[in-house]
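A.B. asks: Handing you a structure now.
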Amino acid sequence: MNNTDIIEKITDKIRGSKNFIVTSHTSPDGDNIGSSIAMTLFLRKLEKKAWHVLDDSVPENLRFLLDEPGRRAMDESDMRGRCHRIYTSEEFLATETGRALAQSGDYVLIILDTADESRICVSSEIWENASFTINIDHHVSNRGYADFNHIEPEASSTCEVLCSILRSIDEKKFTPQIATAVYTGISTDTGNFLYDSVDAHTFENASFLTKMGADRDTVANRIYQSTSYDYLRLTKESLDTLEVDDSVGIMILTMDMLERNNVDYKDTDSLVNNVININGVRVAILIKERGRGEYKISLRSKDATNVCEIAARFGGGGHKRAAGCSMNGDLDTVVSQIKEAAKEQICITDL
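First residue of the sequence shown: 9, per the numbering used here; consecutive thereafter.
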């Protein structure tokens, strides 16, 4: 089935259905939150009933996409109002509507930006009881786990994929809030339009979103120009761990460092940019401690080196220029293994 056929089928399914739950992956990022908010709000513009459900918190720098900081209590009558609420599975299933939908299965579950079903960030009850599932993504590792699967690995972001789909349904339904959410996802997943996944189509969609009222100034300010003093202290301390070995740069972030500087774990992904921006570094590695002997690895590159291949060696994935994985063991071993894998990948690139 080609892209045109599957988009038509997704469009028909959306037009012919009444109830929707929208979700994405664990450890939310801009593409995750942006696409989910945009999808939920667009469905409501189509006079559908839609709920955004995610069993994880929104990073601080993305909360501007909500009308209220964090999660705000709101009754069902306010669902179509301007405030965008994100439910946890527990919160949603505690409502009369949520319980009824879960029991009847009378809803379509739309999963965005999620390469593997193990990372779907809702309860198994919501995932398994859906009458129909739609998977929209841009990760090359996504093998398709839903009833309808639309994956565009060449796209810069899931938000770019979603933008094209929603435009094909009805461009006039885009509001400034929807446009800003989509623009945020495209911007964050392209490193502010720096990655080689950006092409003319990306810029055309960005232009359209700007015309529809996307607040580019707020996106730039909140994502790229807002840094707390605590975060700067953490940056300084993490830079003290920096090691550059040939063209591989490694930085380490421990739980003690986070606690000392009062910074949330979820708000540290951009630290890896300090490493990849160093002249001569081709692969940047940020090792973040999640628990005793547990580490999350963030990988970036700025040439042809495919860091997704590095992540895949350790059960992870992502994109050519930005990827990640999890590793267990003592820190010295983790550093040694990931650094060696990065060097080997650079050698493969240079063959």
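All C-beta atoms, glycine included, are put in the ideal place defined by N, C-alpha and C.
Every value quoted in this text rests on a predicted model; they were computed, and no experiment measured them.
#1: I need the boundaries of the beta strand (DSSP E) containing N143, first residue and last residue.
#2: So what's I305 in DSSP terms, helix, strand or just coil?
#3: Which same chain residues, not among the five before or five after G78, have their C-beta less than 7 Å away from its C-beta?
#4: If you run the structure through DSSP and keep just helix, strand and coil, what is M220?
#5: Say whether the segment 48 to 61 touches the segment 140 to 154, bearing in mind that this needs 3 or more beta-carbon pairs closer than 8 Å, one atom from each stretch.
#6: By the three-class DSSP mapping on this structure, what secondary structure does H209 have?
#7: Can you say whether Y237 is buried or exposed, counting buried as having 16 or more other CB atoms within 10 angstroms of its CB?
#8: Less than 7 Å between C-beta atoms, sequence neighbours within five positions excluded: which residues of the same chain meet that for A350?
#9: Using 8 Å for Cβ pairs, my map puts L174 next to T141. What's the rounded Cβ distance?
#10: Exposed or buried, which one is C355 when buried takes at least 16 other CB atoms within 10 Å?
#11: Can we say the segment 196 to 211 touches the segment 175 to 182, given the rule of at least three CB pairs closer than 8 Å?
#12: Since V343 contacts I286 with CB under 8 Å, what's their CB separation in whole angstroms?
#13: Assuming contact is defined by CB atoms lying nearer than 8 Å, are L170 and A46 in contact in what I supplied?
#14: Is DSSP giving F100 helix, strand or coil here?
#15: Between I186 and L49, is the Cβ-Cβ spacing less than 8 Å?
#16: Could you give the uninterrupted runs of the beta strand (DSSP E) lying entirely in the segment 216 to 268, keeping only those of 3 residues or more?
#17: Give the DSSP bridge partners of G326, in chain order.
C.D. replies: Checking against the coordinates, here is how it stands:
#1: F140 to D145
#2: strand
#3: Low confidence applies to G78: its pLDDT is 38, below 50, so where it sits in the model is not reliable enough to give any reading.
#4: coil
#5: no
#6: helix
#7: exposed
#8: V256, V291, I293 and I318
#9: Not really, about 19 Å apart at Cβ, beyond 8 Å.
#10: Looking at its Cβ environment, which holds fewer than 16 other Cβ atoms inside 10 Å, C355 is exposed.
#11: no
#12: V343 to I286, Cβ: 17 Å. No contact.
#13: yes
#14: helix
#15: Yes, Cβ-Cβ distance for I186 and L49 is below 8 Å.
#16: 251 to 253 and 256 to 261
#17: Paired residues: A331.
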